[in-house]
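Under full-length UniProt numbering, think of the first position of the sequence shown as 1, with each following residue one higher.
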Amino acid sequence: MAKITYIEFNGTEHVVDVKPGMTVMEGARDNGIPGIDADCGGACACSTCHVYIDETWVDRLPAKESMEEDMLDFAWHPDPVKSRLTCQIKVTPEIDGLVVHIPEKQI
Numbered sequence: 001m002a003k004i005t006y007i008e009f010n011g012t013e014h015v016v017d018v019k020p021g022m023t024v025m026e027g028a029r030d031n032g033i034p035g036i037d038a039d040c041g042g043a044c045a046c047s048t049c050h051v052y053i054d055e056t057w058v059d060r061l062p063a064k065e066s067m068e069e070d071m072l073d074f075a076w077h078p079d080p081v082k083s084r085l086t087c088q089i090k091v092t093p094e095i096d097g098l099v100v101h102i103p104e105k106q107i
């Protein structure tokens with residue numbers, strides 16, 4: 001299991017164990033984390049699972065693919081460096097301790 005910390009816009013932290021092979025979005029959905037809507041169910045067809053990756057983790061995750069880059073254009077106030085779609089981040093032992101910040105809203 002990997003521990004993932006989801007921080008709501010209001011500062012509330014949720015630390016959950018997520019099984020390797022799942023996505024960070026599935027970890028949020030399965031644990032009832034507010035603010036991760038995941039309207040498309042993980043198909044990278046919307047931006048409602050958008051988060052800001054904590055600065056200490058930005059360079060430690062796999063690079064964004066072009067489809068994710070395109071979808072981030074539709075996210076709420078995307079950051080060119082820190083914004084990611086959680087449906088595109090696979091949980092592996094290497095991301096144990098990942099911290100993500102949920103934006104004020106999803107669109």
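From the three backbone atoms N, C-alpha and C, an ideal C-beta is built for every residue, glycine too.
**Message:** In this structure, how does DSSP classify Thr23 when only helix, strand and coil are distinguished?
**Reply:** For the purposes of this step, residue 23 is identified with residue 23 of the sequence shown, where counting begins at 1. The answer is strand: DSSP assigns Thr23 an E or B state.
**Request:** Can you give me the Cβ contacts of His50 inside the same chain, cut-off strictly under 8 Å, excluding the 5 residues immediately before and after it?
**Result:** Residue numbering aside, residue 50 sits at position 50 when the sequence shown is read from its first letter. Correct list, in chain order: Leu72, Ala75, Trp76, Pro78, Ser83, Arg84, Leu85, Thr86, Pro103 and Gln106.
**Asked** What three-state label does DSSP hand Thr5 in the structure shown?
**Response** Here residue 5 corresponds to residue number 5 of the sequence shown, with the count starting at 1. In this structure, Thr5 counts as strand in the three-state DSSP scheme.
**Asked** Around the Cβ of Ala38, are there at least 16 other Cβ atoms within 10 angstroms (buried) or fewer (exposed)?
**Response** Residue mapping note: residue 38 aligns to position 38 of the sequence shown, counting from 1. With 16 or more other Cβ atoms from the protein chains shown falling within 10 Å of its own Cβ, Ala38 counts as buried.
**Asked** Where Ala63 and Gly11 are concerned, what is the direct C-alpha to C-alpha distance, given to the nearest angstrom?
**Response** In the sequence shown, the residue the question calls residue 63 occupies position 63. In the sequence shown, the residue the question calls residue 11 occupies position 11. If you take the alpha carbons of Ala63 and Gly11, they lie about 27 Å apart.
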